[in-house]
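Accompanying notes for the structure given below.
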Amino acid sequence: MEKKRYAIVLDTKKCLNCKACTVACKFENYVPVGDDTYRIWVTELPLQGKFPHLHQDFQPSQCQHCENTPCEKVCPTKATFKTPEGVVLVDYEKCILCKACMTACPYDARFVSEHHEAVEKCTFCMHRVSEGREPACVETCPVRVREFGDLNDPNSRVSRLLSSRPYMQLKPEKNTRPRLFYVL
Amino acid sequence: MNNKIMSRRKFLGLSTGAVAGALFGPHLNLLMAAPEGTFDYSILPKGKREYIASNCDMCVNKCGIIGEVVNGKLHKINPNPKNVKSRGMLCAKGNAGAAIPYSPDRLKTPLLRTGKRGEGKWKEISWDEAFKYVAKNLADLKQKYENRSSVAFASTEGFQEEFYYYLVNSFGSLNTVRHTTLCLSTNIQGWSSVFGSFPDADLANAEYVIMLGSDRAQALITPDSVDFQRYKPKGQKLIVLDPRFTETGAKADRWYPIKPRTDQGFVLAMLHVIISENLYDREFVETYTHGFDELKEMVKEYTPEWAEKKCEIPADDIRQIAREFADHAPRSVIYPGRRSSFYSHEVYVRQTFAILAAVCGCWDTKGAVVPKASIPLTTHEIMFPFFGQTMDRVDKDAVNLVKDVVPSAVQCPMIGTGLPNDSCAFLSEKDGSWVTFREAVLKDDPYPVRGFFCFKQNPVQAVPNVQKTMKMLEKMDFICVIEQQMSDTAWYADIVLPHSTYLESWDPAHSLGGIWPIVEMRQPVIKPLFDTKTMFEISGGIIHEMLKIPSLWDDIEPSDLEDFKKNVVEDILDKPIQDYIKHQLSKYPGAYEQLLKEGFYTVDGGKPVYGTTRKPGFLFKSKTGKIELFNERYKEFGLFPLPKYCEPLKPQDPGEYRFLVGRNAWNTHTSTQNNPYLWEIQKENSVWLNTGEAKKLGIADGEYVRIKSKIGEQRIKAYVTEKIRPDCVFYVNGYGMKSPGMSRVYKSGASEAEIIDDVLDTISGGVCMHETFVTINKA
Amino acid sequence: MEMNFESLKKEILSQLPIKNTDSSIPGFYAMDDATALGKNRVDAASALVFKNILFYLGLIFRYPTEQIYSEIETRLDTFTDFFVDYGGAAPQLPPIEELQSEYIRLFVNNQGFVPAMPYASCYQSEGLLMSDQFYRLRQIMVKSGFMVNETVKELEDHIAILLEFCAGLLNQLASGQASSGKSSGACVAALMEVSYLYIEPMMDAFCDRIHAYAYDDFYKIAGKTLKSLMQDADTIYDQLLGFRIHSINELQG
Amino acid sequence: MSTRIDNLRSLIRVNRDVPAIPFIAAGFVLLVLGLIGVARVIFEGHEAVYGVTRQVPWGLLIATYAYFVITSTGLAFIGGLGHAFGFHQFAGLSKRIVLLAFIVLLAGFTQIGMELGHPFRLMYLLILSPHFSAPIVWMGIFYGIELAILGLELLVIFNPAGTNHKLAAILGFLALVVGVLATSNLGFVFGSLTARPFFHGIYFPTFLVVSGIAGGAALLLLVYNIVYKFNVPEQFKEAMNSLGKLMGLCISIMIFLSFWKVLSSLYTEPQEAYDAVITLLRGPLYANFWIGEVLMALVLPLALLIVSKAREIKTMGLAGLTFLIGMFFTRYDFIVAGQLPPMRAGNEGSGVETINGLMHYTPSSGEWMIFFLGLGLFLFLYFLSERFLILDADAH
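Protein chains in written order, with my numbering: chain E, 32 to 215; chain G, 2 to 780; chain A, -8 to 244; chain L, 30 to 425.
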């Protein structure tokens, strides 16, 4: 059987900017309350147009789980590693807190966790996925902005979304080949 | 230094004798010997994990939740993926609920005031003492005023509220006041005046949706907030009219910054177009409605060109929207919204919306506005005693009471003779009208109200014009507050009873009406952390103590008392609450078990219910039994039977802005801002000010300003934006708390209660949150 | 009583929560070998004294019911020197009503918030009750043969319970009567863990908050006393047990 | 037995002429401050004591680490020139060079040791779980080896039985090679960051090596002036002259490199590189850049060197001083400027707070204290050595 390739596809047109995902993530992953401590976020993109012709988009995001993984490359101790499914994880016991990965990440997706005494970031909730549950942010969303699934399964919701709609990725110029896809 | 240590540890050597002698008896011990194998926490912390289904209580929606409990501690609240109402979602507040039981600030034990009111001197008492104390005070009040209605009971909605009413009815006061008039009474009244009930909108199937002032993307309502984006049919069009560019506006196909309170004019013009161009649903109108000809006559004058002047939306656009709306009918929705206590005569606004839906036949069919269906539960057949010393509501004669709070500009001739001579307008009597009620209490007219009970409501924060609320509290001989937190209202109480959180309590089954009707209940997700009780237990406790005081029962028949003891006390309150719930569900075999497992129950697999009123011979709850475009009861009361256009209040001075209120998705009114997980999303609020106006006033983005109304003044950061009309300003509620207790939001940002004027909508008794004008100055 | 400290040390180490894979559980602590081995007696008399002191402080941080109040009152003279030594003054006991309202204002409920939360959990992570460490505490208690009285509706990490727990452990040590089948080593380990991982970390904030918010001197002095006593804990335990813990950081490994 | 003592005596004497005491005292005071800083880090934790943030994770301590270790490898480079490439004029300086390089490297290690959250983990994980594609691994390995080589060199040079010059030459050569590798790898730690265009590329590997050599020369010029109270004996004239020339050459190359770095970052505004350079030219770092980097590290020392025609040793000492001060800002600016352009715009809800579109960073008192630790360690150890060791090596 072919290996799984996990990914998240986001339909941000639906996003209500309600922050349910960010709070769910904090509880699920014991992420402490704090200005710098968050794994995922919802950005209000700049308002476009002039009154009364306005337009605004909201953009939830998180670690992109890049296939070409800058953070993993610079990690001196293999604390950051990739699972066979392409999920980028941190082995907290191996992290020396040199923070090279934080400077290497073009998405500002990592932070120092006092809880783990290591750098941490989104794990795609692999502990839930391994139990057949969805990542917390995917599950809790009122409008289902995010879909999580296997790119190698043509029938997965992520595959079907990507084959039916155009999409973009963040910072393509960095050639990181993210596993987060934003359908348009 | 060394000497210091030596001297400090002197007790180990020199004064050993005395201290060693200080032996303490075992009666003082908090700890006891643990029997072998008491707890097994051997594999920590990833030990025992349980998933327990229940329902959320962070706002009114009651979404399905599944508590993930690890070793007895709630780790996370997950959404219930099967719940047909919440559609498997859980918002930020719902998630943050997992912190609620663990707030160190929660009330832990009954507290009795020992100092002056508001001074903050308390002593701990046991529940037994507390029940005795409350019962005694009820008896004293009854004795002194010889009127049971001299004790008022305030509450807000919630699953335990029905047990609060056990207490109310056992004492026999008619003065109850609920949250409705602070929220959606105008909406209920307006829609009910046409259809006899307050419907829901089928956003999952509607092809054309007009939302006027509803911010479904932030003021979350399930299932609407889910459906309008997640399940919207392909090609659905969303038109949003709101003075602010809300998140909902950002989702709209077209957003119009409509002039406040002119929504009625906009819809009247739509009606004009639809009727004059014969776009209405003739068959529906003929079959189901009453008064079409009168309506046709009335809307003649309301042309789109007329409306353009009122609401500042181009006439051509109004025409187009009217035609599109009619074109998509019956799968067109003019959204009933929810909170609607905005303007004076808001009822007419909502009545107009309802008429538009009726005329186009957008009623009780897929994709339209649909009456709520519900799954009837078995109620306990109880007759509370009829007490001789119960007087009519204090606000019965509302007309004379509320002249002060109805602006003269809107008193006459708009509503004919003024207020209906009703106890509290057209609301359900037990709802009461907060502003009217408060006026009556302040005036002692027609009798004094001197006792005040408050169940999970915080009128000091929630009811506009806080000074008046404080004056009202000062009048009271006795105040009892049943709460989870030391709210601003609890702070002024004589006795505070700690209520268990929704995650710790058994709550009775509730039938939640809607297109997708559902039954929910709550079971404890975790054991109570402290010595708290639920309203069920509290009512039971107080009523038992009341029964020990004969003077409380001297104005009823002895046989009534015996019935009461048997039916209410023995059969219900003395039994486990599970028995009560099982009785509620007795019609539905297996429902109780399903509720324990899933947290909700539906019949028919949770399918939507359409068409119940579209059956021959169906009688709508109106005088004519039809859908009343022309309201016969309003005519009787001297109100407009048809929603004639009412002019909005205008600012007195050119420099004044209309103050708008609203919510964001991560807070419920004033109750959740101190939750660390929600506080960190937004630490203070800021006032939205249009870019052009800010320029005129010389105010930069992020700068502090003073916002001043005739009620009060607040200091707040300016958010200079294109997202709001130049004639309005706005900030979200829940910040700038008076109480240092809300430690995170104490004095950060501004409170709306401090500046909103207590203007009253005369038909529904609702407050008008958008009828306050303010000035803005640099701080 | 005589003890073989080499074996005691081994035993203590075996009881410690050795580096759990979940980092939410605090790690192990180390002892100064030389001091551990240099002495070979538990100073039982002093341990009892210390036990009484902790128990008394525990009483002070309980809600002053009439019973507790009179107990505090009766024993206050005995402990006056102690308070003067550690808290800088002898506390004057205010009338019971005042003490009660002061207690509630400081430790139970004030307008919406609690100025000096008496729970160790509140000084960890999010400032909420029942932090992850809380469960570890329950575990230690049960292992040491204690549990909270069924009639007491309080959380195990309430400062009064923590102090009483320490007193109970000291009592076990002094009397050489660890709970059935449990060793002195486990007892010392529990004492160290509760003192250094639960009480000590909350001391600064807790006592400073008491000082900032208290109207009356009674709790101010009690707080100051408790804080300086815990600062002195290293040397006290050294004297009582014959070895010392280096620092809280070693405990947290 | 007695010969051994005699031999040791040949290494030790009390140098009353060297004005070491004030420096030892200053070093001691700084060291104490530094140790207080260390205690704060241990008790309060890195997060509480340091001013670095999620968006600017590398701050003053990385800058001071670079400052020390690059200077050290610069010294080793000069030492290597003397030992291995027959630049005999430097051979007479070899004891001081090796000692300085060693101590400065130690000072650098204190910085990185305190900066890393788990320095001890690094030590064993570099053996158990090294990731060879990570530049930090190579940087770590080479600096580790460099420390070992310098340590060996110290042993060889300070061998009471007499210096084995051949071995010293081999070690000197190795120190030069490994030093260059280490520093250029340090450059690559930044040069490898595609996320940060200002860092990305070969500029920093090159620039760090060149500026390190200049720094080594500057430090030697300054130290000799101090040790001989601005009256350097004739025997070192030639060496000082060569150091001046070497430093001048390196500064010239630095000017050349910097100029093109700035220009290429401005030309057609390559987004983040442009933003970073703008922080230097007219952004929050402009004073550091113009006064520290340009004036003190480039213009002034070069001017002084030209004025002195590489002969006025006092003037060259002054050039060394301004250069070393300027270099501190250069290192700081290079670390910070590259991180000020945010990876995500500071929009509402993003969690990123920007000022004029840029991140901000100010070193905390704790970070300064750790810098004092390094500086104090250097001053204390080095001048203690000056006071008690015989450092005037014979030319071989």
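Ideal Cβ positions, reconstructed from N, Cα and C, are used throughout, including at glycine. Computed from a predicted model, the values in this text were never measured in an experiment.
{"Asked": "Can you grab the Cα-Cα spacing for the pair Asp572 (chain G) / Ile150 (chain A), in whole Å?", "Found": "43 Å"}
{"Asked": "Looking at the unbroken beta strand (DSSP E) that takes in Met212 (chain G), where does it start and where does it end?", "Found": "209 to 213"}
{"Asked": "For Val64 (chain E), go through chain A and note every residue whose CB falls closer than 8 Å to its CB, in chain order.", "Found": "Glu117"}
{"Asked": "Assuming Asn176 (chain G) and Arg394 (chain G) form a contact by the criterion Cβ under 8 Å, report the distance between their Cβ atoms to the nearest whole angstrom.", "Found": "6 Å"}
{"Asked": "Restricting to Cα atoms, I'd like to know which of A:Leu50, A:Ile87, A:Gln58 is closest to Phe70 (chain A).", "Found": "A:Leu50"}
{"Asked": "Reducing DSSP to helix, strand and coil, say where Thr12 (chain A) ends up.", "Found": "Confidence at Thr12 (chain A) is low in this model, with a pLDDT of 28, below 50, so the placement of that residue should be treated as unreliable; the coordinate-derived value is given next. Here Thr12 (chain A) sits in coil by DSSP."}
{"Asked": "Roughly how many whole angstroms lie between the Cα atoms of Ser213 (chain L) and Gly191 (chain L)?", "Found": "34 Å"}
{"Asked": "Buried or exposed for Thr223 (chain L), please, with buried defined as at least 16 other CB atoms from any protein chain shown within 10 angstroms of its CB.", "Found": "buried"}
{"Asked": "Give, in chain order, every unbroken run of the alpha helix (DSSP H) that is at least 4 residues long and sits entirely within the stretch 59 to 94 of chain A.", "Found": "71 to 78, 87 to 94"}
{"Asked": "Which same chain residues, not among the five before or five after Pro82 (chain G), have their C-beta less than 6 Å away from its C-beta?", "Found": "Gly89"}
{"Asked": "With a 10 Å radius around its C-beta and 16 neighbouring C-beta atoms as the bar for buried, classify Gly452 (chain G) as buried or exposed.", "Found": "buried"}
{"Asked": "Taking the alpha-carbon of Arg196 (chain E) as reference, which of E:Gln95, E:Tyr37, E:Arg188 has the nearest alpha-carbon?", "Found": "E:Arg188"}
{"Asked": "By Cβ distance below 7 Å, which residues in the same chain neighbour Leu78 (chain E) in space, the five residues on each side in sequence not counted?", "Found": "Leu85, Gln87"}
{"Asked": "Can you tell me which of the three DSSP states Pro109 (chain A) falls into?", "Found": "coil"}
{"Asked": "How would you list, in chain order, the residues of chain E whose beta-carbon sits under 7 Å from the beta-carbon of Cys92 (chain G)?", "Found": "Cys49, Ala51, Pro173"}
{"Asked": "List, from N- to C-terminal side, the beta strand (DSSP E) runs of 3 residues or more that fit wholly inside the stretch 69 to 121 of chain L.", "Found": "none"}
{"Asked": "Pull up the distance between the alpha-carbon of Ile516 (chain G) and that of Val370 (chain G), whole angstroms please.", "Found": "9 Å"}
{"Asked": "With 7 Å as the C-beta to C-beta threshold (strictly closer), list the residues of the stretch 500 to 532 of chain G near chain A in chain order.", "Found": "Leu530, Phe531, Asp532"}
{"Asked": "Evaluate the contact criterion for the stretch 201 to 217 of chain L versus the stretch 99 to 118 of chain E: three or more CB pairs, one atom per stretch, below 8 Å.", "Found": "no"}
{"Asked": "Cβ atoms of Phe142 (chain E) and Tyr69 (chain E): under 9 Å apart, would you say?", "Found": "yes"}
{"Asked": "Put Thr671 (chain G) into one of helix, strand or coil per three-state DSSP.", "Found": "coil"}
{"Asked": "So, helix, strand or coil for Glu165 (chain E), using DSSP?", "Found": "coil"}
{"Asked": "Helix, strand or coil: how does DSSP classify Gln222 (chain A) here?", "Found": "helix"}
{"Asked": "Taking Cβ positions, are Asn208 (chain L) and Phe106 (chain L) nearer each other than 9 Å?", "Found": "Residue 208 (chain L) is actually Gly in this sequence, not Asn. Contact flag set, yes."}
{"Asked": "Does the beta carbon of His86 (chain E) come closer than 9 Å to any beta carbon on chain A?", "Found": "no"}
{"Asked": "Return the bridge partner residues of Ser156 (chain G) from the DSSP annotation.", "Found": "G:Phe456"}
{"Asked": "From Thr470 (chain G) to Leu213 (chain G), what distance separates their C-alpha atoms?", "Found": "31 Å"}
{"Asked": "How many angstroms separate the CA atom of Val214 (chain E) from the CA atom of Ala323 (chain G)?", "Found": "33 Å"}
{"Asked": "I need the straight-line Cα distance from Val610 (chain G) to Leu76 (chain E), nearest angstrom please.", "Found": "40 Å"}
{"Asked": "Tell me the start and end of each unbroken beta strand (DSSP E) in the stretch 39 to 94 of chain G that is at least 3 residues and wholly inside, in chain order.", "Found": "50 to 56, 65 to 71, 74 to 80"}
{"Asked": "According to DSSP, Gly180 (chain E) sits in a beta bridge with which residue or residues?", "Found": "E:Ala38"}
{"Asked": "Flag this pair as touching only if the stretch 361 to 377 of chain L and the stretch 57 to 65 of chain L have three or more C-beta atom pairs under 8 Å; answer yes or no.", "Found": "no"}
{"Asked": "If you measure from the beta carbon of Val179 (chain A) to each beta carbon in chain G, is any gap under 9 Å?", "Found": "no"}
{"Asked": "Reducing DSSP to helix, strand and coil, say where Arg6 (chain L) ends up.", "Found": "Lying outside 30 to 425, the shown extent of chain L, residue 6 (chain L) is not represented and no answer is given."}
{"Asked": "Please decide whether Ala224 (chain L) counts as near chain C, where near means a Cβ-Cβ distance under 9 Å.", "Found": "Protein chains in the displayed structure are E, G, A and L, and chain C is not among them."}
{"Asked": "Would you check if the distance between the CB atom of Lys205 (chain E) and the CB atom of Pro63 (chain E) is smaller than 9 Å?", "Found": "no"}
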